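Peer 1: Before I ask anything, here is the structure I am working with.
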Amino acid sequence: MSSRARLWLFLAGMAGLAACYLWGLGGLPGFGHYPGPYGDIINRIAVGQTNATGVVSAVNFEYRGFDTVGEEFILFAAATGVATVLRHLRGERERPARDEAADRDAPPTSSAIRLSTLMLAGPTVVLGWWLASHAQTTPSGGFQGGIVLATAFILIYLAGQFLAFKRFSPVDVTDAVEAVGAGGFAAVGVTAVAMGLPYLTNFLGLGSKPGAVSSSGTIALISFFVGMEVAAAFVLMISELLDQTLLIGQES
Amino acid sequence: MAFFPFVVVVWILAVGLYGMVTSRHLMHLIMCLIVVQSSTYVLLLGVGYKTGAVAPYFFDIPVHTPAVDPVVQALALTDVVVEAAVTALLLAFAIQAHKRFGTLDPHELVQLKG
Amino acid sequence: MTPLPALAVVVPLLMAAAISALNPLLRRRRRVLDGAAILTSAAVAVMLAVIMVKAAHGEVIYWFAGFRPAHGAAIGIDFAAGPLSAGLACLAAVLVTASMTFSWRYFERVATYYHVLMLTFLAGMTGFCLTGDIFDLFVWFELMGVSAYALTAYRPEERGPLQGALNFAITNSVGAYLSLSGIALIYGRTGALNMAQIGAAISRHRPDGLVVIAFLLIITGLLIKGAIVPFHLWLPDAHAVAPTPVCVLFSGVMVELGLYGAARVYWSMFGTALGHRAAITGILLTLGLLTAVLGALYCVRERHIKRLLAFSTISHAGIFLAGIALLTPLGLAGVAVYVAGHALVKASLFLCTGIVLHRLGSVNESSLHGRARHLRITGVVFTVAALGLADLPWFATFAGKGWIEASASVRGMAWITVLLILSSALVGGAVLRVAGGVFYGLGDPPAEDPQMAEQSSEETSETVADKGRTPLTMIIPAAVLAAAALAVGLIPDLGRTVQAAAVRFQDQAGYNAAVLAGRHLAHPAALFPAGDSGITAASVASGVGSAAGALVLAFLGLYWRRLPLLRRGFEPGAGLGGPIRAFQSGVINDYVTWIVAGVACVGGVLALTLR
Numbered sequence: 001m002s003s004r005a006r007l008w009l010f011l012a013g014m015a016g017l018a019a020c021y022l023w024g025l026g027g028l029p030g031f032g033h034y035p036g037p038y039g040d041i042i043n044r045i046a047v048g049q050t051n052a053t054g055v056v057s058a059v060n061f062e063y064r065g066f067d068t069v070g071e072e073f074i075l076f077a078a079a080t081g082v083a084t085v086l087r088h089l090r091g092e093r094e095r096p097a098r099d100e101a102a103d104r105d106a107p108p109t110s111s112a113i114r115l116s117t118l119m120l121a122g123p124t125v126v127l128g129w130w131l132a133s134h135a136q137t138t139p140s141g142g143f144q145g146g147i148v149l150a151t152a153f154i155l156i157y158l159a160g161q162f163l164a165f166k167r168f169s170p171v172d173v174t175d176a177v178e179a180v181g182a183g184g185f186a187a188v189g190v191t192a193v194a195m196g197l198p199y200l201t202n203f204l205g206l207g208s209k210p211g212a213v214s215s216s217g218t219i220a221l222i223s224f225f226v227g228m229e230v231a232a233a234f235v236l237m238i239s240e241l242l243d244q245t246l247l248i249g250q251e252s
Numbered sequence: 001m002a003f004f005p006f007v008v009v010v011w012i013l014a015v016g017l018y019g020m021v022t023s024r025h026l027m028h029l030i031m032c033l034i035v036v037q038s039s040t041y042v043l044l045l046g047v048g049y050k051t052g053a054v055a056p057y058f059f060d061i062p063v064h065t066p067a068v069d070p071v072v073q074a075l076a077l078t079d080v081v082v083e084a085a086v087t088a089l090l091l092a093f094a095i096q097a098h099k100r101f102g103t104l105d106p107h108e109l110v111q112l113k114g
Numbered sequence: 001m002t003p004l005p006a007l008a009v010v011v012p013l014l015m016a017a018a019i020s021a022l023n024p025l026l027r028r029r030r031r032v033l034d035g036a037a038i039l040t041s042a043a044v045a046v047m048l049a050v051i052m053v054k055a056a057h058g059e060v061i062y063w064f065a066g067f068r069p070a071h072g073a074a075i076g077i078d079f080a081a082g083p084l085s086a087g088l089a090c091l092a093a094v095l096v097t098a099s100m101t102f103s104w105r106y107f108e109r110v111a112t113y114y115h116v117l118m119l120t121f122l123a124g125m126t127g128f129c130l131t132g133d134i135f136d137l138f139v140w141f142e143l144m145g146v147s148a149y150a151l152t153a154y155r156p157e158e159r160g161p162l163q164g165a166l167n168f169a170i171t172n173s174v175g176a177y178l179s180l181s182g183i184a185l186i187y188g189r190t191g192a193l194n195m196a197q198i199g200a201a202i203s204r205h206r207p208d209g210l211v212v213i214a215f216l217l218i219i220t221g222l223l224i225k226g227a228i229v230p231f232h233l234w235l236p237d238a239h240a241v242a243p244t245p246v247c248v249l250f251s252g253v254m255v256e257l258g259l260y261g262a263a264r265v266y267w268s269m270f271g272t273a274l275g276h277r278a279a280i281t282g283i284l285l286t287l288g289l290l291t292a293v294l295g296a297l298y299c300v301r302e303r304h305i306k307r308l309l310a311f312s313t314i315s316h317a318g319i320f321l322a323g324i325a326l327l328t329p330l331g332l333a334g335v336a337v338y339v340a341g342h343a344l345v346k347a348s349l350f351l352c353t354g355i356v357l358h359r360l361g362s363v364n365e366s367s368l369h370g371r372a373r374h375l376r377i378t379g380v381v382f383t384v385a386a387l388g389l390a391d392l393p394w395f396a397t398f399a400g401k402g403w404i405e406a407s408a409s410v411r412g413m414a415w416i417t418v419l420l421i422l423s424s425a426l427v428g429g430a431v432l433r434v435a436g437g438v439f440y441g442l443g444d445p446p447a448e449d450p451q452m453a454e455q456s457s458e459e460t461s462e463t464v465a466d467k468g469r470t471p472l473t474m475i476i477p478a479a480v481l482a483a484a485a486l487a488v489g490l491i492p493d494l495g496r497t498v499q500a501a502a503v504r505f506q507d508q509a510g511y512n513a514a515v516l517a518g519r520h521l522a523h524p525a526a527l528f529p530a531g532d533s534g535i536t537a538a539s540v541a542s543g544v545g546s547a548a549g550a551l552v553l554a555f556l557g558l559y560w561r562r563l564p565l566l567r568r569g570f571e572p573g574a575g576l577g578g579p580i581r582a583f584q585s586g587v588i589n590d591y592v593t594w595i596v597a598g599v600a601c602v603g604g605v606l607a608l609t610l611r
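Those sequence lines, one after another, are chains A, B and C. Under the numbering used here, the very last position in the first sequence is 252; numbers go up by exactly one each time. Under the numbering used here, the very last position in the second sequence is 114; numbers go up by exactly one each time. Under the numbering used here, the very last position in the third sequence is 611; numbers go up by exactly one each time.
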């Protein structure tokens, strides 16, 4: 199709789609007037049933935990897919990892960046860990904590230390950590099955005080596994992408 | 005012799709796909909002305070992760496509047709 | 509550995680890897077969984490599997087992990624079939999608797989996001994500714009997956380049799952609310028949065997949608059996193509002419499967199509039989032409397609060209699947059992009661009455007609140069040149434009007819 024909066809189609969509949206009860029962029921019963004061995490890991299992494995499959597509192939050769810029006069990484990223790396790990372990109390959880943990590794790369980054995240170990995270989550559910309960029932003690770190049973445990998996998956993906740019090239 | 967020939803969708259709660079196209996804987030979160309600975290407020819908927030969280995963995969495809085809122009990335 | 439904999804996921975690150990032990994958998928198939049998007396309902519904409101996620759902998932698991067995010798070297992705693909398909929650449906849809995109690009050293994977991923993602918008819309009205609860909530009032548009958006993503015109453009690109065992799954079940999803969303949620059955039938029937004929026309001109089979899948997807559009239990039963038969013969055809690729290193019909004569068993299996594809009695495909046609006459639309026979004959003719030319050297080789010369170099990297014998693990699955297609058609009383399952699938009130109140209806009642599911003279005539038509077209395709009438430069299929080629342009921007245009058209028609 010529570009003009495509543009006109799209504009006509989009006008129709927008009209239909706006017509449909007109039937909604208006912004700020949430009608339905699902959210209200959950808000009413969540703290009492699970001793978790973070209701969104309770929904994610308890009431709709099975959706989260699926989503974990989507991330897992995507990381596996990235590894499949970017693995080094016949006809390509991986250059041994060495300092590429040794003979160039490119400006070295500024000292300010080096200092600040290396100083931030440690606290970032602690922050990520804290976020991942407080899913049931505050607006945090495995996903958020996992991303922050992955960021800590990327800070190491930003400090100009790509080789250190590679050394800290060997592919096999990251792969294994990711698989343990995803599999661990699924396995927590299976443990409930082994106890004769429906899959993913909260079988651990709920703790005495709502909102304590040790409360809410399996929610905290699942959040831990999710954090592991998300961190490992993102480190793996970034590592593969950087490999492609920096290390892998055509055989000359 | 009660309808404006939903107009924004349709606008974001339209802009994202327009970008995809007129794109001449694969990276741009993938970013436009992310924009299309964002319209879904706005819709989800807009549907669950309650005027005058608080966030559904009862750590330091009484349990029966009116709060917004936590379910759509959980759904949006799930969607963000799914989108990140799909985007990472698409970017990996784009890198390899650049190596094989030598270009990232969608009009040139054609090996099979007819 | 037996945990089988949960285990059917979780077992392949756990195995995928285990394989990935043990990657350093398993890398060298290829047979352990293959064996683990085959055993897992076989176990899942057995679990699903057990669920299917149990579900015949009432849907199998499983509430996750023990959260049962209270006062008609569901707070957790459920699996609600009727016999048709469990049966489709079982079919998927059987095909995965066959593919993994075929891969035993097909891939000389394969990384663990392949097995991991196949297992997550299986889990996604199973979850998609069994679930009763609309957002959960979306999650498993995405898992299926991501695994499929990665598997399509399994040979990233070639250009074709990358284009195919990109087009596949981008179009299906747009579809998924549109479906998600529809889910958010219906959630905004009903405040529920459980299909039964949504269905009950929206049936209470007349359908307004929101319900219609939510239906439109949710259906769009599913129809994109189901390769209905004009959303089908990604499929030939993806099928031509994915590894052959993966194509088996794409054509055999993945496309059909999109159509199953559309039917499920309609019957469990929107059916009673939307009403206007005639309008719904009209719209879906038009789309289905258009797809059937267009796919068949493309099929005839193709010379790349895998792409030819891909276009035939598009054509059959159109037939399935036409059968669903009739809205009768007999029609739905026909579609179910036709899907099963089609999956088995299509899988067999792809596996035989894989054998040809493995032994001869090409899938180009022109250059393969007469070269596969020594692959005698493969040739027989391929020809038998091709006849099954052309709806020869007594294959399962014949039985299914017969019921679709009977149902169409009951609803006063007997004319669609002509289109169904035409599409089957065109498609069967193309595949039989391949069978005759490649395996028996009949007639003249078809004209060289200039594009094919570029594409054929890609194929050799998928598997090693082997001069010896065809390995047993490759020919046995192909033969067993083709035989199974015939065996399923011969099952006594198949029609009555499947139609009872279809009635249960279509009874929205009964489904609601089972899910929300735990009461199973002993006698579900569907919208239209159950029809006569015997084999009639009309269906035998139609089956023989399409098979005979296919043979005639194959003959014409092979011998047209030698026939006095046609010698004047008329090659069958050559006239369908310019505009058809331009439609399937390979450019992703075009595909997205057609999706937007298609949604707008269907939306416009729905808006006008369903107010």
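Quick reminder that beta carbons are idealized off the backbone N, C-alpha and C, glycines included. It should be emphasised that the depicted structure is a prediction, and the values quoted were computed from it without experimental measurement.
1. Could you compute how far the alpha carbon of C:A148 sits from the alpha carbon of B:F59?
2. With 8 Å as the threshold, decide whether the Cβ of C:A150 is near any Cβ in chain B.
3. Using beta-carbon positions only, say whether A:A78 and B:A88 come within less than 8 Å of one another.
4. I'd like to know if A:W23 contacts chain C, where contact means its C-beta is closer than 8 Å to some C-beta of that chain.
5. Determine which residues share a DSSP beta bridge with C:W63 and list them.
6. How long is the line joining the alpha carbons of C:G175 and A:V173, rounded to whole angstroms?
7. Using only CA atoms, which one of C:I588, C:L39, C:L432, C:L235 lies nearest to C:A559?
8. Taking 8 Å as the CB-CB cut-off, is A:F153 touching chain B?
9. Taking the beta carbon of C:A385 as the centre, do at least 16 other beta carbons fall within 10 Å, making it buried, or is it exposed?
10. Leaving out the 5 sequence neighbours to the left and right, which residues in its chain are closer than 6 Å to C:A502 when beta-carbon positions are compared?
11. Can you find the residues in the same chain that come closer than 6 Å, C-beta to C-beta, to C:I416, ignoring five residues on each side of it along the sequence?
12. List the whole-angstrom C-beta distance separating C:N194 from C:D34, where the pair is believed to meet the contact cut-off of C-beta under 8 Å.
13. Near C:P245, what residues of its chain come up, given a Cβ to Cβ distance below 6 Å and the 5 sequence neighbours on each side ignored?
14. Using DSSP with H/G/I as helix, E/B as strand and the rest coil, what is C:N194?
15. In this structure, does DSSP put C:Y559 in helix, strand or coil?
16. Is C:T152 helix, strand or coil by DSSP?
17. Are the CB atoms of B:A85 and A:I74 within a distance shorter than 8 Å?
18. When burial is assigned at 16 or more other CB atoms within 10 Å of the CB, is A:D175 buried or exposed?
19. Pull out every residue of the segment 41-52 of chain A whose Cβ sits closer than 7 Å to any Cβ of chain C, in chain order.
20. From B:I30 to C:N172, what distance separates their C-alpha atoms?
21. Name, going along the chain, the residues of the segment 534-567 of chain C whose beta-carbon falls closer than 7 Å to a beta-carbon of chain B.
22. Taking C:I283 as the reference, give the member of C:I228, C:F528, C:G361 with the closest Cα.
23. Going along the chain, which residues of its own chain have a beta-carbon closer than 8 Å to the beta-carbon of C:T593, five neighbours each way excluded?
24. So which of C:G361, C:M125, C:G288 has the shortest CA-CA distance to C:L95?
25. Using the C-alpha atoms, what's the distance from A:F31 back to B:F4?
26. So with Cβ pairs under 8 Å, would you call A:F269 a contact of chain C?
27. Does DSSP classify A:G189 as helix, strand or coil?
28. Starting from the C-beta of A:R98, find all residues in its chain whose C-beta is less than 6 Å away, skip the five residues before and the five after it, and write them out in chain order.
29. In this structure, what does DSSP give as the bridge partners for A:G54?
30. Look up C:A340 in the DSSP assignment and give the residues it is bridged to.
31. Can you find a C-beta in chain B that's less than 8 Å from the C-beta of C:G586?
32. Based on the DSSP secondary-structure assignment, which residues constitute the bridge partners of C:H304?
33. Can you tell me which residues form a DSSP beta bridge with C:T131?
34. In this structure, does DSSP put C:A73 in helix, strand or coil?
35. Under 8 Å between C-beta atoms, does C:A600 make it to chain B?
36. Given a cut-off of 8 Å, decide if B:V72 and B:L45 are closer than it, judged by their beta-carbon atoms.
Peer 2: In brief:
1. For this step, residue 148 of chain C is matched to residue 148 along the third sequence. For this step, residue 59 of chain B is matched to residue 59 along the second sequence. Approximately 42 Å, taken between the alpha carbons.
2. Counted from its first residue, the third sequence places residue 150 of chain C at position 150. Cβ-Cβ to chain B under 8 Å: yes for C:A150.
3. Start at 1 with the first residue of the first sequence, and residue 78 of chain A comes out as number 78. Start at 1 with the first residue of the second sequence, and residue 88 of chain B comes out as number 88. Cβ distance < 8 Å, so A:A78 and B:A88 count as in contact.
4. The sequence position of residue 23 of chain A within the first sequence is 23, counting from 1. Yes, A:W23 lies at the interface with chain C (some Cβ there is under 8 Å from its Cβ).
5. Taking the first residue of the third sequence as position 1, residue 63 of chain C is located at position 63. Answer is C:D78.
6. Taking the third sequence and counting its residues from 1, the one referred to as residue 175 of chain C is at position 175. Taking the first sequence and counting its residues from 1, the one referred to as residue 173 of chain A is at position 173. Their Cα atoms are separated by approximately 36 Å.
7. Start at 1 with the first residue of the third sequence, and residue 559 of chain C comes out as number 559. According to the sequence as given, residue 559 of chain C is Tyr; it is not Ala. Nearest option by C-alpha distance: C:L432.
8. Along the first sequence, one-based indexing puts residue 153 of chain A at 153. False, the Cβ-Cβ gap to chain B never drops below 8 Å.
9. Translated into the one-based positions of the third sequence, residue 385 of chain C becomes position 385. Classification of C:A385: buried, given that the 10 Å Cβ count is 16 or more.
10. The residue given as residue 502 of chain C occupies position 502 in the third sequence. Closer than 6 Å at Cβ, skipping near neighbours: P329, L332, A333.
11. Taking the first residue of the third sequence as 1, we reach residue 416 of chain C at position 416. So the qualifying residues of the chain are A408.
12. Mapped onto the third sequence, residue 194 of chain C falls at position 194. Mapped onto the third sequence, residue 34 of chain C falls at position 34. That belief does not hold up - the Cβ atoms of C:N194 and C:D34 are roughly 39 Å apart, past 8 Å.
13. In the third sequence, residue 245 of chain C corresponds to position 245, counting from 1. Excluding sequence neighbours, C:P245 sits near S99, F102, S103.
14. Position 194 of the third sequence, counted from the first residue, corresponds to residue 194 of chain C. Three-state result, C:N194: strand.
15. By one-based count along the third sequence, residue 559 of chain C stands at place 559. DSSP places C:Y559 in helix when its eight states are reduced to three.
16. Taking the third sequence and counting its residues from 1, the one referred to as residue 152 of chain C is at position 152. Note: C:T152 maps to helix in three-state DSSP.
17. Residue numbering aside, residue 74 of chain A sits at position 74 when the first sequence is read from its first letter. Residue numbering aside, residue 85 of chain B sits at position 85 when the second sequence is read from its first letter. Yes, Cβ-Cβ distance for A:I74 and B:A85 is below 8 Å.
18. Stepping through the first sequence from its first residue, residue 175 of chain A is reached at position 175. Result: buried.
19. I41, I42
20. Taking the second sequence and counting its residues from 1, one reaches residue 30 of chain B at position 30. Taking the third sequence and counting its residues from 1, one reaches residue 172 of chain C at position 172. About 13 Å.
21. none
22. Within the third sequence, numbered from 1, the residue matching residue 283 of chain C stands at position 283. Residue C:I228 is the option with its Cα nearest to C:I283.
23. Taking the first residue of the third sequence as 1, we reach residue 593 of chain C at position 593. Once the five neighbours on either side are set aside, C:T593 has no close Cβ partner at all.
24. One-based indexing of the third sequence puts residue 95 of chain C at position 95. That would be C:M125, whose Cα lies nearest to the Cα of C:L95.
25. Locating residue 4 of chain B in the second sequence gives position 4, where the first residue counts as 1. Locating residue 31 of chain A in the first sequence gives position 31, where the first residue counts as 1. Cα to Cα, the separation comes out at about 8 Å.
26. This structure cannot speak to residue 269 of chain A, because chain A is shown only from 1 to 252.
27. The residue given as residue 189 of chain A occupies position 189 in the first sequence. Helix, per DSSP.
28. On the first sequence, position 98 is the one that residue 98 of chain A refers to. Unreliable placement is indicated for A:R98, whose pLDDT of 49 sits below 50; the coordinate value is still reported in the next sentence. Here the set comprises nothing.
29. As a working note, residue 54 of chain A is residue 54 in the first sequence. DSSP lists B:Y57 as partners of A:G54.
30. Counting from one through the third sequence, the residue named residue 340 of chain C turns up at place 340. C:A340 is not bridged to any residue.
31. The residue you call residue 586 of chain C lines up with position 586 of the third sequence. Judged by the 8 Å Cβ criterion, C:G586 is in contact with chain B.
32. The residue you call residue 304 of chain C lines up with position 304 of the third sequence. Paired residue(s): C:N364.
33. The sequence position of residue 131 of chain C within the third sequence is 131, counting from 1. C:F79.
34. Working through the third sequence from its first residue, we reach residue 73 of chain C at position 73. Residue state, collapsed to three classes: strand.
35. Position 600 of the third sequence, counting from 1, holds the residue named residue 600 of chain C. Cβ-Cβ to chain B under 8 Å: no for C:A600.
36. To locate residue 45 of chain B, count along the second sequence from 1; it is residue 45. To locate residue 72 of chain B, count along the second sequence from 1; it is residue 72. For B:L45 and B:V72, yes; Cβs fall inside 8 Å.
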